[in-house]
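Here's the structure we're looking at; comments come further down.
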Amino acid sequence: MEEIKLDFGNEVQASPAKIKDEPGGVSLASLTTEEQKLVLEFVDKIDITDSNSIVTYGSGAQTKLAKFADDTLANVKTKDSGEAGKLLTDLVVTIKNFDATGESKGFLGNLFGKAKTEIDRLIARYSDVEVNIDKISNMLQAHRHTMLKDIVMYDEMYKTNLVYFKELTMYIVAGKEKIKEMNEKVLPALRERVAQSGDEAEAQKLNDLANAVNRFEKKVYDLQLSRQISLQMGPQIRLIQNNDAQLADKIQSSIVNSIPLWKNQMVLSLGLANAKAALEAQTKVTDMTNDLLKKNSEILKAGTLGVAKESERGIVSIETIKKVNQDLIETISGVLDIQRKGKEERLAAESELASIESELKQTLISIRQ
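Sequential numbering of the sequence shown, starting at 135, is according to our numbering.
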């Protein structure tokens, strides 16, 4: 005999969360009215006397659950969330290793360095780091996109698991109802007939039926174990989904917060570098202006004082007049002395000439005699 399958119907499948355990385990009371009706109709189709029916009871739901568990495991195994974590770590290390404040002295410590060279070096360092950050960011975006798709997939997996959970629950409830019927009605009635008739065939039938019920109880218990697995898979799926969601949020936060903050740091650093360059240029202009003002002031002072001093002097100074007067007196005195001496010499000469002339005449006269 083929496996008897339980048909839920669309309305029942749409509300799997309605199934819940009672203190004593799953029971008919734990189902909705619609589900109770389906289960009770299904109980009448269960044939305990058919060994194949007992073996295959609920096996379809178990098989689907087993395949579902394998698919879930395979999906988790192929995920590489560690790679996303490594990328986030690489991003943090790359940003921290970028030193916008300079290499040794620090950005402000180099205030009086060559601003243009410093800005070029800063831009070069930024460009190198930016390439790595953009590469890491793109890879993180790809991981985040995959995780977002996985989050949607996990929602579907969770819903599917709920359907399997409900299906197993209803098989278990139907099985328990059948076992209850057999233990409370069928077996007692058969025992009573055997006791009354003493028929060995009836006794064997009773024994076979009791064994069949026992095997069916084990099958239902086996379904309960499968149901427990399905019950555990629900929170497991949510945990994995939550991990992906948190990591996706972390990636998004890094992309929209950490990277822009780092770029803002670059803007501030370049702004400070440009301000430093402008300050240095302004300082040079100010120093040159002050030097020119000082030199002009010294020239103006020297010129003004010279002009004032010169303007206060007479055309001929008293010292010059005194010297000229002294020279004039000395000149006049000298001329007078020279004239006097000349006159004396001339008078002496005239006397000498007269004497010579007299001597000459006497000599000549002497000769004539």
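Glycine included, every Cβ here is placed at the ideal spot set by N, Cα and C.
If you look at Leu340, you'll find it in the alpha helix (DSSP H) that goes Glu334 to Ser387. Under the three-state reduction of DSSP output, Tyr298 falls in the helix class. According to the DSSP assignment, Ile188 belongs to the alpha helix (DSSP H) that extends over Ser185 to Thr190. With contacts defined as CB atoms closer than 7 Å, Ser364 and Gln196 fail to qualify as a contacting pair.
Between the alpha carbons of Ser331 and Asn341 lies a gap of roughly 15 Å.
For Lys171, the enclosing alpha helix (DSSP H) stretches over residues Thr167 to Val177.
The region 278-293 and the region 380-389 touch, with three or more beta-carbon pairs separated by less than 8 Å. Sixteen is the threshold: when 16 or more other Cβ atoms of the shown chains lie within 10 Å of the Cβ of Ile270, as they do, the residue is buried.
For Asn348, the closest of Gln375, Thr183 and Val177 by C-alpha to C-alpha distance is Thr183.
For Val307, the closest C-alpha among the options Gly368, Glu175 and Gly476 is that of Glu175. The Cβ atoms of Ile180 and Lys353 do not sit closer than 7 Å to each other. The three-state secondary structure of Ser161, taken from DSSP, is coil.
Within the model, the alpha-carbon separation for Leu470 versus Lys456 is close to 21 Å. Ranked by how close their Cα comes to the Cα of Ser185, the residues Ser489, Ile452 and Ala346 have Ala346 in first place. One Cα belongs to Lys475, the other to Glu493, and the distance between them is close to 26 Å. In this chain, the alpha helix (DSSP H) harbouring Ser331 covers Leu321 to Ser331. In terms of Cβ geometry, Tyr288 and Gln366 do not form a close pair [threshold 7 Å]. Between Val328 and Ala335, the alpha-carbon positions lie close to 9 Å from each other.
When the Cα atoms are used, Thr167 and Leu373 turn out to be separated by approximately 32 Å.
The Cβ atoms of Ile371 and Met291 lie closer than 7 Å to each other. A distance of 7 Å or more separates the beta carbons of Val173 and Met316.
Counting the other CB atoms within 10 Å of its CB gives Lys477 a total below 16, which places it among the exposed residues. Going by beta carbons, Leu165 and Tyr298 fall outside the 7 Å limit. The C-alpha of Lys319 lies about 30 Å from the C-alpha of Gln362. Going by C-alpha positions, Leu321 is about 55 Å away from Lys283.
Note on geometry: alpha-carbon atoms of Gly192 and Leu343 lie some 20 Å from one another. A distance of 7 Å or more separates the beta carbons of Gly368 and Asn266. Judged by DSSP in its simplified three-state form, Ile180 adopts coil rather than helix or strand. Under the three-state reduction of DSSP, Ser431 is assigned to helix. For Ser451, the secondary structure class from DSSP, reduced to helix, strand or coil, is coil.
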